[in-house]
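Number of protein chains: 2
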Amino acid sequence: METKPALPISEMICFSLYSATHAMQHAYKPLLEALGLTYPQYLALVALWDEDGQTVGQLGQALQLESNTLTPLLKRLEAQGLVARARDAKDERQVRVTLTEAGRDMQARAATIPGCILEKSGMTLAALTALRDQVSALRDQLRAE
Amino acid sequence: METKPALPISEMICFSLYSATHAMQHAYKPLLEALGLTYPQYLALVALWDEDGQTVGQLGQALQLESNTLTPLLKRLEAQGLVARARDAKDERQVRVTLTEAGRDMQARAATIPGCILEKSGMTLAALTALRDQVSALRDQLRAE
DNA sequence: TGCGATTAAATCGTGTACGATGTATTTAGC
DNA sequence: GCTAAATACATCGTACACGATTTAATCGCA
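Sequences listed follow chains G and R, in order.
Everything in the first sequence is counted per this note's numbering, starting at 12 for the first residue and increasing by one.
Everything in the second sequence is counted per this note's numbering, starting at 12 for the first residue and increasing by one.
Written as structure tokens, this is what we have:
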């Protein structure tokens, strides 16, 4: 019937996540640009620095992305000489992604980034950690459905 | 020199936001699909339900998007008959976006969505509101730089 | 052992995001 | 009142995301 009192977009939790994610990517941009990386490419490298030689599927689990997103992204990383992609000899369906020398070197070059982001956030590490856990819990709940 | 203890991606605040945003969009998907809307299109309509007749620039302020993203999105909403786009007579540089009858009707059809999302989140409204404010504060800090 | 079901990546099409640039309109300064 | 600067939107190119489908390899089980 009549228009109900519309909830302003600024008060929606989904929009706060949406816009905070964009703001976060914007904060990373100048730091990553210096390394020739995009934000999702950086996340993929972070996952590989933690554990090298993961399959596309394992990376997808870690990053919550499907092969339709990862395959082109990994090809771009390969074109930059940061990773190598090769079929697994034991199971030819799987593709293992391994860091190259340049890919491993990138970790040192990116080492200052987390500190820069922490500073830009204007929050204490403890506050950020607490927030992270709450946001992760929300995500896990949403995924559980 | 040696590889430093790599921070697992699961412990990064940026990744929790990134993956929670994707999970949120995934939660909205079936609800919006029934209305023929994408998630950003829905957000644009929410902004218009709150205030009709905004310019592209005002919508961009509300949604934190530029015209290069909004223009094609609004054209798709226009093609669906949900909004109309017209140059402002007072200032021909500006384009005003107004809801059509169908666009206004959509608000009623979408009225159950926030409740569904609240339920899927498995959190109380108070907890979600508190989380929203923290995430918004982080976003504003990051944008301030 | 053979073959249908399952699994893992890749491919395809659509829709965001966004930096850089283009174009039309308005404003400002002289 | 005329032009340079500023403003608002649109366009273009690149890179995600993701549903749906395809292709190739492995598994399950009669």
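Built from N, CA and C at the ideal position, the CB exists for glycine as well.
Residue i, enclosing beta strand (DSSP E) - first and last residue
| i | result |
| --- | --- |
| R/Leu110 | Val106 to Leu110 |
Contact belief for residue i with residue j at Cβ below 8 angstroms, rounded distance in angstroms
| i | j | result |
| --- | --- | --- |
| R/Val94 | R/Leu59 | 7 angstroms |
| G/Gly92 | G/Ala113 | 5 angstroms |
| R/Arg96 | R/Glu89 | 6 angstroms |
| R/Val146 | G/Ser27 | 4 angstroms |
| R/Leu153 | G/Ala45 | Actually they do not touch by this definition, with Cβ atoms about 18 angstroms apart. |
Cβ of residue i within 7 angstroms of any chain G Cβ
| i | result |
| --- | --- |
| R/Ser147 | yes |
| R/Leu139 | yes |
| R/Ile24 | yes |
| R/Gln65 | no |
| R/Lys40 | no |
| R/Leu43 | no |
| R/Ala73 | yes |
Where residue i falls: helix, strand or coil (DSSP)
| i | result |
| --- | --- |
| R/Gln91 | coil |
| G/Gln75 | coil |
| G/Ala100 | coil |
| R/Glu13 | Low confidence applies to R/Glu13: its pLDDT is 47, below 50, so where it sits in the model is not reliable, and the reading given next is rough at best. Residue state, collapsed to three classes: coil. |
| G/Leu81 | helix |
Cβ shell of residue i (< 6 angstroms), same chain only, five flanking positions each side left out
| i | result |
| --- | --- |
| R/Thr66 | Gln105 and Arg107 |
| G/Ala137 | none |
| R/Ala73 | Ala58 |
| G/Gln75 | none |
Range covered by the alpha helix (DSSP H) that runs through residue i
| i | result |
| --- | --- |
| G/Lys40 | Ile24 to Glu44 |
| G/Thr140 | Leu136 to Ala155 |
| R/Pro19 | Run containing R/Pro19: none; DSSP gives neither H nor E here. |
| R/Lys131 | Ile124 to Ser132 |
| R/Leu59 | Tyr50 to Asp61 |
The ligand GTP heavy atom lying under 6 angstroms from the CB of residue i
| i | result |
| --- | --- |
| R/Glu62 | For the ligand GTP, the structure offers nothing, since it holds no ligand at all. |
Test: residue i CB closer than 7 angstroms to a CB of chain R
| i | result |
| --- | --- |
| G/Ile20 | yes |
| G/Tyr53 | no |
| G/Glu13 | Its pLDDT being 48, under 50, G/Glu13 is placed unreliably by the model, and the measurement read from it follows with that caveat. No, because no Cβ of chain R sits closer than 7 angstroms to the Cβ of G/Glu13. |
| G/Ser78 | no |
| G/Met117 | no |
| G/Arg150 | yes |
| G/Thr32 | yes |
Chain-order list of residues whose beta-carbon lies under 7 angstroms from that of residue i (same chain, five-residue window excluded)
| i | result |
| --- | --- |
| R/Ser165 | Outside the displayed span of chain R (12 to 156) sits residue 165 of chain R, for which this structure offers no information. |
| G/Thr111 | Gly92, Leu93, Val94 and Ala95 |
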